[in-house]
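Visitor: Quick note, the sequences are listed as chains A and B, same order. Quick note on my numbering: the first sequence kicks off at 79 and runs consecutively. Quick note on my numbering: the second sequence kicks off at 48 and runs consecutively. No residue lacks a Cβ here, since even glycine has one placed at the ideal position from N, Cα and C.
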Amino acid sequence: MSSTAHTANIPTPFRLLLRIHLLQMRRKFRSARDQSSLLVGALIVFLTGYTILASGLFYRALHFAGRFPGLGEMLIERMIYLLFSFLFLLLLFSNIVIGYTNLFRNKETAFLITLPISAQDIFRWKFLESALLASWAFLLLIAPLLGAYGLEQNAPWHFYLLGPVLIALFIVLPAVFGCWVAITIARHLDRRLFQLLTVLVVLLTFIGLSAYWKPQVLDEENLETRVISVLDRLLTKTRFSQFPFLPSYWLSSGVLHWVEGALSAAVFFVLVLLSNVGFFGLLAFTKTGRFFYSALSATHSRSHVLGQWEWFRNWTALRRQFHYRAGAMEYLLRLVPRLEPDTRALLLKDMRVFWRDTAQWGQTLVLFALIGVYISNLRYFTQQLANPFWVHLISYMNLAACSLNLATLTTRFVFPQFSLEGKRLWIVGLAPLGLVRVVKAKLLLSITASLIVTLPLIWISCDMLKLPLAQKFYFAGAIIVMTFTLNTLAIGLGALYPNMKEDQPSKIVSGFGGTFCLVLSFLYIVASVLLLSFGSPWGGMDFLTPNFKVLGWIGFAVLSVALGWLPYRWGLHRVATFEH
Amino acid sequence: MIELKNLVKRFGDLVAVNDISLTVGRGEFFAVLGPNAAGKTTTIKILTALIKPTSGTAHICGFDVQQQPLEVRRRLAYVPDFPFLYDKLTPWEFLRFTGQIFRMDEEAIQRSTRELIPRFNLEPYLRQPIEGLSHGTRQRVAIVSALMHAPEVFILDEPMVGLDPHHTRVVKDVLKERSLQGMTVFLSTHQLSIAEEMADRIGIIHHGRLIAVGTRDELRRQSGSDGALEKSFLALTAQEANFVEEKSALKDREPEITIA
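And the structure:
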């Protein structure tokens, strides 16, 4: 077909893939900038604000720890080792999840495998892509810390040049290990022995970690007089982070020695890191492709991961026998009084879609599980919780954390609801139900679902803080109003700025409307928490007059109506006159 | 050109492809028909080396699909019903990318695109991002990208979905021309009229088994029906369904034998 001399000038498949992906990325940034300057502005403000705030906080934390008599340097050192070892685990986990999705559940991989590109080349490209996708947040986390550490320790100028090189080397190792784990999972996931061993390992790890890091409540006497003994226990429990075969140990040691000026020791650790990156990187780049193809084929050949179990096969056989009955969820919804059948059908559809989309409820679960863990751990801070100042502060922080979580979810899931109906307008839009009732039903569902989570969370957090009943009701009232407002704001803006072309909720959210919703929700929460703390009848703001406190409540009420009710009314008006 | 020998693919208990043996010659236009979930797409996935067969072999142009996948892919083109395209690229950039992936030099890319792009009426769209194109236009881009390197074997899975009558005609004409020039076409479709009009031979897959192969007239004879292909298809698949039901009923009635 063509001469060898000509084809020799054609870039390799890997370089071709790199080139088109860079081109795609440039266009994505450009189209984001053209579509929504608010989004770009919000991102720049967030990134700048985050960098400044994080650097400042890290600097102050390091400075504070460094002043500890006799043990300051040691504490800082341990903190650095500990932080990098946890970040290594975080990166490993992130690489496993992203590596699996990107290697085996990706349309591009299925497309590339039909082209004359070797499995090794495809793996090479996907490995690089997964590593970058899994690690960019790590870079964002670590840059302010390293900067603050360098400033606090008066590091030489070349430390700031070395830092990025070390980080770039460091992220390769969890990426390689993560991809290997992902390939192993993909190849063997449906094997019963593999599943049993995995469950066993996870259980044992969980039990082991729970036992090792069991919280130890300290009384006042210990805190006042036995500080060294307490610190000793703390240092013993965190000694694992200095295990010499951990890649995070090589990175931390390199950083610490470089700052101290012990350059030969620092270079030694950098070389250890470099040689490991070279060895494992080479294995990934030259040898892993052959396993990748088998794993890809296994993933596409799998009917169900539990298909090897007799009980599962019997269960699926039972499910195949259809009985023409309504589902359990429908029976439950029938119990709700005054719910019209068409509204019930719509709610049922939304609930089923949400439940069956693992990615959606998975994110929700992770967000609220984290806040749940935080709240349940409040019981260990017995000493601090005896002080009214801390109790007051933490109670408002809890309100803010809970509502910020909720704002993330309302923007991510409630805002795109109306747009998502765009593709289904042939049925929902043309049904006698009418679009206005569709929007109202969605609001009812989102508020109910939000309250099921937020109200108990706030109540439990108040209970942990041992607040009196009146104060519990105060916070419960506040979260109810905020839940209503955040949901109506998201539904209202979703109707005002719909995007009927997209199927993906994440893409709908990333436009102007979604960003606007997130920014407004965030501002509303900050303002509301401040106004409520001004208006608080319990402690903290004793210097404020009662009139000023009433103003705080009025301000909160006005803000809630302005940001909740008004966008909702405008949204409903838009929907009533919507042309589709 | 395409040779399948005792091909089997199992997904757990389900046998998606059940002992299929088939040979499709050079320049032959072969159409595969079958009800939904019959095993057509699984067979295609094995042919394109996306999945490994449980047993049996598949050869394309004399190369084993599993053992020599790169040799196979150099000679193969594949267009699924919903092809993957890079959304932020323009059709022109995408066509150049696929040309280069198939190691075509600049001259070959120019020659090929100058022939195919006007034929598929893609000129007005060449500089627009693919994300803004209609499904039919995307499908045409995918077909052109597949034909650029003059494949020896062209596998298509429902390629006419979303195409207007004019472009359906263009695709049919180009496929027929290339087939006459020696390109083997393996087309999976539900549109019986296309198979009837275009195919040299037709295969019917049902419950993972290749239940009938032959020309239109041969299928008519096998089915015992007369007239359009639709009648033959319905008769053959109904016969197969009855056969499977009877087999299953007989199995249920088999006495249990216990050896003491």
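1. If distances are taken between C-alpha atoms only, which option among A:P325, A:A226, A:L487 and A:V355 comes closest to A:A437?
2. Where DSSP assigns a beta bridge to B:H253, which residues make up the other side?
3. Compare the C-beta of A:I88 against all C-beta atoms of chain B and say whether one is closer than 8 Å.
4. Run the CB neighbour count on A:T421, radius 10 Å, all protein chains shown included, and call it buried at 16 or more, exposed below.
5. Check whether chain A comes within 8 Å of B:D60, counting only Cβ atoms and requiring the distance to be less than that.
6. Does the beta carbon of B:F131 sit closer than 8 Å to a beta carbon anywhere in chain A?
7. Report the rounded CA-to-CA distance for B:G274 versus A:I200, giving the unit in angstroms.
8. Using C-beta distances below 7 Å, list every residue in its chain close to A:I263, excluding the 5 sequence neighbours before and after it, in chain order.
9. I'd like to check one pair, B:L97 with A:T192: are the Cβ atoms closer than 8 Å?
10. Quick check on A:Y402: does DSSP put it in helix, strand or coil?
11. Identify whether B:D322 lies in helix, strand or coil by the three-state DSSP scheme.
12. Just how far apart, CA to CA, sit B:Q186 and B:L123?
13. Between the segment 648-656 of chain A and the segment 57-69 of chain B, do at least 3 Cβ pairs fall closer than 8 Å?
14. By the 10 Å Cβ neighbour count, where 16 or more other Cβ atoms means buried, how is A:R156 classified, buried or exposed?
15. Looking only at C-alpha atoms, which of A:L521, A:G134 and A:F107 sits nearest to A:I122?
16. Measure from the C-beta of B:L180 to each C-beta in chain A and report whether the shortest distance is under 8 Å.
17. What is the C-beta distance between B:G183 and B:D211, in whole angstroms, given that I count them as a contact (C-beta under 8 Å)?
18. Sort B:V64, B:M48 and B:I251 by Cα distance to B:V112 and report the nearest one.
19. Is any beta-carbon of chain B found at less than 8 Å from that of A:T192?
20. What residues from the segment 164-193 of chain A come within 8 Å of chain B, judged by C-beta to C-beta, listed N to C?
21. Tell whether a beta-carbon distance below 8 Å holds between B:V64 and B:T89.
22. Select from the segment 77-94 of chain B all residues with a C-beta closer than 8 Å to any C-beta belonging to chain A, and list them in chain order.
23. Could you check if B:I306 is buried or exposed, using at least 16 other CB atoms within 10 Å of its CB as the buried criterion?
24. Go through the segment 365-419 of chain A residue by residue and report every complete run of the alpha helix (DSSP H) that reaches 4 residues or more, in order.
25. Among residues of its own chain, excluding the 5 on either side of B:L234, which ones have a beta-carbon nearer than 6 Å to its beta-carbon?
26. Just curious, the alpha helix (DSSP H) that A:A132 is in, first and last residue?
27. Between A:P91 and chain B, is any beta-carbon pair separated by less than 8 Å?
28. Taking 8 Å as the CB-CB limit, is A:I98 close to chain B?
29. Distance, Cα to Cα, A:W214 vs A:F205?
30. What are the partner residues of B:I49, as DSSP defines its beta bridges?
31. Taking CB distances under 8 Å as the criterion, tell me whether B:I107 reaches chain A.
32. For the segment 158-213 of chain B, which segments carrying the alpha helix (DSSP H) assignment without a break, of at least 4 residues, lie completely within its bounds, in sequence order?
33. With the cut-off set at 8 Å, would you say B:H253 and B:E205 are in Cβ contact?
34. With 16 other CB atoms within 10 Å as the buried threshold, where does A:R434 fall?
35. So, do the segment 402-413 of chain A and the segment 232-241 of chain A have three or more beta carbon pairs nearer to each other than 8 Å?
Guide: Inspection of the coordinates gives the following:
1. Ranking the options by Cα distance to A:A437, first place goes to A:L487.
2. B:R256
3. For A:I88, the nearest beta carbon of chain B is closer than 8 Å to its own beta carbon.
4. Result: buried.
5. yes
6. yes
7. 49 Å
8. Y178
9. Contact: yes.
10. Residue state, collapsed to three classes: coil.
11. No statement about residue 322 of chain B is possible, as the shown extent of chain B runs from 48 to 307 and does not include it.
12. 18 Å
13. A contact between stretches requires three or more CB pairs, one per stretch, nearer than 8 Å, and the segment 648-656 of chain A fails this requirement with the segment 57-69 of chain B.
14. buried
15. A:F107
16. no
17. 6 Å
18. Of the listed residues, the one whose Cα sits closest to B:V112 is B:M48.
19. Among the residues facing chain B, A:T192 is included, as its CB has a counterpart in that chain under 8 Å away.
20. K185, E186, A188, F189, I191, T192 and L193
21. For the 8 Å CB-CB criterion, B:V64 and B:T89 form a contact.
22. The residues in question are K92.
23. Note that B:I306 has pLDDT 41, beneath the 50 cutoff, so the model's placement of it is unreliable and the number below is only indicative. So B:I306 ends up on the exposed side.
24. 367-378, 388-398 and 406-412
25. A78 and L203
26. S115 to G144
27. So yes, A:P91 belongs to the interface.
28. Yes, because at least one Cβ of chain B sits closer than 8 Å to the Cβ of A:I98.
29. 14 Å
30. B:V71 and B:I107
31. no
32. List check, alpha helix (DSSP H) in window: 182-194.
33. no
34. exposed
35. Contact between the segment 402-413 of chain A and the segment 232-241 of chain A is absent, because fewer than three Cβ pairs lie under 8 Å.
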